[in-house]
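Heads up: the sequence shown begins at 424 in the working numbering, then just goes up one per residue.
Don't be surprised by glycine CBs; every beta carbon is placed ideally from N, CA and C.
It should be emphasised that the depicted structure is a prediction, and the values quoted were computed from it without experimental measurement.
Encoded as structure tokens, the structure appears first; notes follow it.
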Amino acid sequence: RASKPRLARLVGTAVHPHPRCHRRQANVVAVSTDSAVRTIALEEAFLHPRVWQLFPASLQQRYEPVRARLSDVGPERIRQMDAAGIDMQVLSHVQPGIQVLADDQADLAVEVCREVNDWLAEVVAAQPSRYAGFAMLPT
């Protein structure tokens, strides 16, 4: 009898015994739900416009080449997911996020996090079979 992979032993049969990984997705796992295998990409980056406004010029310059792709959570991202064989993405805001704010701007950090998280909840609610999300925390 062949031994199950370590992750399958820890979480049971919900994890496919032989996860497939997409060459451009480092954090991809294949999960079995009943008889279907779904590929879920973890910590897939997005960039909220309000956080973009808070970035210093040097950080905006760094992200500018990929800003459009990071800001898209609509049909184009779903098309790219389908092309890559990804069934679901767990969205996570790029880093640094709210950490660009000074410690004395805690109230602003909480306000922006609430705005980003509310927006992310709407994105997930609009496509619950395609998206999940990690909350942005005011740290």
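Sixteen is the threshold: when 16 or more other Cβ atoms of the shown chains lie within 10 Å of the Cβ of Gln512, as they do, the residue is buried.
Taking all protein chains in view, the Cβ of Val533 is surrounded by fewer than 16 other Cβ atoms within 10 Å, so the residue is classified as exposed. A distance of 8 Å or more separates the beta carbons of Val517 and Leu543. Proximity to Arg500 across Arg553, Glu487 and Gln522 peaks at Arg553, based on C-alpha coordinates.
Distance from the CA of Asp541 to the CA of Ala507, rounded to the nearest whole angstrom, comes to 28 Å. Phe478 is the residue among Glu467, Glu466, Ala464 and Phe478 whose C-alpha sits nearest the C-alpha of Ala525. Per DSSP, Glu467 is one residue of the beta strand (DSSP E) stretching across Ala459 to Phe469. Beta-bridge partners of Tyr486 (DSSP): none assigned.
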